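In our numbering, the protein residues as written are 28 to 393. Note that the Cβ used here is the ideal one computed from N, Cα and C, for glycine as well. These numbers were taken from a predicted model, which means no experiment stands behind them. Accompanying notes for the structure given below.
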C-alpha cells in the first residue's frame, strides 16, 4: 500500500504580503469528526475552513473516512480574505493521498477561492496573485492559482502552466487532467514519459481542448480543425494525423470538434506521446473511462484509423520513470507488445502505489 504522510503543508500569501501556512495532520478518527480546524481567535475562519474542505471532498471519486484530518493556520487572515481556501483544500488532499505533488519535497504555494467547492470550481485573479507571490518565488517549488475564466486575467483552460512551475486551475479536476463538465470547452490531459537519459527525465503532459462544431466548413478537412500552436510544422502535422486517424476509428469523432493541443514541454522527439494524445482526446470528448487519477501512457501507431497501438523504443527506462512517478488512482497504459517482457514486479509495484496497469493492442477496448 502507498505510505501516506502524517502531515502536509501548503502556503498562501495574504493581502498584506505575509505568508500563511496551513498544516494538515492525519490521525485515526476514533469516532471523532472527520475534519477539525484550529485558528486561534478566529471562529468564523475555523467554520469556513471546515466547510470548504468538506465541500471540496464531494468532487472526489473515492473518500476514505477512517482518518481525522486536523487543519491549522499559523496566521489568522482577515474576515474578507479568501485566497487561502485553495491552500486548505490542497493540504487536505495531500495528507490523505488524494493529490500528490510532482516533487514531494518542494514548497507548495496556492491562492484561490470558490463559492462552489462542491462543484469543483476554483476562482481567483491570477494577475494579482502572481504579483503578490513575486517576492516569494525563490521559496516556491510549485505554485497553484485559481483562474477565473470570466475576468480575462487567466488562461481559462482548466489547468495551464506558466513560468515553469505555475499551474492555473478553474476546476479541481485540472489537478489530474480531468474535464470540467460544466464548461463549453472540454479539456483533458494525459501524461507520457519524457526520457532523454538524464536527470531531467519526467512525465510530460499533453492537453486536448475541444469545442463543439455544428459542422465543418465546406472544403475543410478534419485535420484543419486541429491546432497545436506551440509545435513546429512537422510536429503539428503528426499530431493532426494521429488525432484524425483515431477519430476515424471512433466512428463518431469526425467533423464535430474544434481542437487545440498543448504540451507541458513542447520540445521533444519521437512519437511515443501519441497514445497519451489520443487518450486525452477521447477523455475530452467523453469517449473514454475516466480514472480517479491521471492517464499515463506510452505508445504510437502507424494505423490509428484501425485503432492499433504499436510499440515504442526506450521501454526499460520508461518503465523505471513511470514506476517512480505513478501515484494513487493513476491508470498506466502500455503497448501490448511490451506485456511479455515486463519485469515480474512491475505490475505489483504499481498496485502497491495505488495505480493500475493495462497493456493494450487497440484503443476503445480499455
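Requested in this report: Taking only the alpha-carbon atoms, compute the straight-line gap between residue 106 and residue 96 and give it to the nearest angstrom.
Outcome: In the chain shown, counting from the first residue as 1, residue 106 sits at position 79. In the chain shown, counting from the first residue as 1, residue 96 sits at position 69. Cα to Cα, the separation comes out at about 23 Å.
**Report entry** Residue interval of the alpha helix (DSSP H) (run including residue 351)
**Finding:** Here residue 351 is taken as the residue at index 324 of the chain shown, counted from 1. Run containing residue 351: 342-352, per the alpha helix (DSSP H) assignment.
Query - Nonlocal neighbours in the same chain, by C-beta distance under 6 Å from residue 285, ignoring five residues either side - result: Locating residue 285 in the chain shown gives position 258, counting from the first residue. Around residue 285: 238, 240, 252.
Query - Beta-carbon proximity list for residue 156, same chain, < 6 Å, skipping 5 on both sides - result: Mapped onto the chain shown, residue 156 falls at position 129. Contacts found: 138, 172.
Query raised in the report: In terms of DSSP beta bridges, what is residue 335 paired with?
Result: Numbered from its first residue, the chain shown carries residue 335 at position 308. According to DSSP, which records beta bridges pairwise, residue 335 is partnered with 389.
Query raised in the report: Do residue 271 and residue 303 have their C-beta atoms closer together than 8 Å?
Result: In the chain shown, counting from the first residue as 1, residue 271 sits at position 244. In the chain shown, counting from the first residue as 1, residue 303 sits at position 276. Contact: no.
Query - residue 96 - partner residues in DSSP beta bridges - result: The count along the chain shown starts at 1 and reaches residue 96 at position 69. Bridge partners of residue 96: 53, 62.
Requested in this report: Would you mind reading off the limits of the beta strand (DSSP E) that contains residue 196?
Outcome: Counting from 1 along the chain shown, the entry for residue 196 is found at position 169. Here the beta strand (DSSP E) through residue 196 covers 193-196.
Query - Cβ-Cβ separation, residue 319 to residue 123 (assumed contact under 8 Å), whole Å - result: Along the chain shown, one-based indexing puts residue 123 at 96. Along the chain shown, one-based indexing puts residue 319 at 292. Between residue 319 and residue 123 the Cβ distance is about 13 Å, and since that is not below 8 Å, they are no contact.
**Report entry** Backbone secondary structure at residue 270 - three-state DSSP
**Finding:** Here the question's residue 270 lines up with position 243 in the chain shown. Reduced to three states, the DSSP call for residue 270 is helix.
Report task. Ignore the nearest five residues each way along the sequence and tell me which others in residue 104's own chain have a CB closer than 7 Å to its CB. Result -> Mapped onto the chain shown, residue 104 falls at position 77. Closer than 7 Å at the Cβ level, and outside the excluded window around residue 104, lie 41, 47, 72, 111.
Query raised in the report: Can you name the start and end residues of the alpha helix (DSSP H) that residue 155 belongs to?
Result: Here residue 155 refers to the residue found at position 128 when the chain shown is read from its first residue. Here the alpha helix (DSSP H) through residue 155 covers 153-160.
**Report entry** For residue 89, three-class secondary structure by DSSP
**Finding:** As a working mapping, residue 89 is identified with position 62 in the chain shown. Coil, per DSSP.
Query raised in the report: Are residue 213 and residue 307 closer than 8 Å when you measure CB to CB?
Result: Position 186 of the chain shown holds residue 213. Position 280 of the chain shown holds residue 307. Cβ distance not < 8 Å, so residue 213 and residue 307 don't count as in contact.
Query raised in the report: Would residue 33 be called buried (16 or more neighbouring beta carbons within 10 Å of its own) or exposed?
Result: Your numbering for residue 33 matches position 6 in the chain shown. So residue 33 ends up on the exposed side.
Query raised in the report: Nearest to residue 296 by CA position, among 220, 280, 59, 162, is which residue?
Result: Translated into positions along the chain shown, residue 296 becomes position 269. The residue with the shortest Cα to Cα distance from residue 296 is 220.
Query raised in the report: Going by beta carbon distance, what residues of the same chain come within less than 7 Å of residue 317, once the five residues before and after it are set aside?
Result: Taking the first residue of the chain shown as 1, we reach residue 317 at position 290. Here the set comprises 205, 310.
**Report entry** Contact set for residue 199: own chain, Cβ-Cβ below 6 Å, skip 5 residues either direction
**Finding:** Position 172 of the chain shown, counting from 1, holds the residue named residue 199. Same-chain partners within the cutoff: 86, 147.
Query raised in the report: Using DSSP with H/G/I as helix, E/B as strand and the rest coil, what is residue 216?
Result: Stepping through the chain shown from its first residue, residue 216 is reached at position 189. If DSSP states are grouped into helix, strand and coil, residue 216 belongs with the strands.
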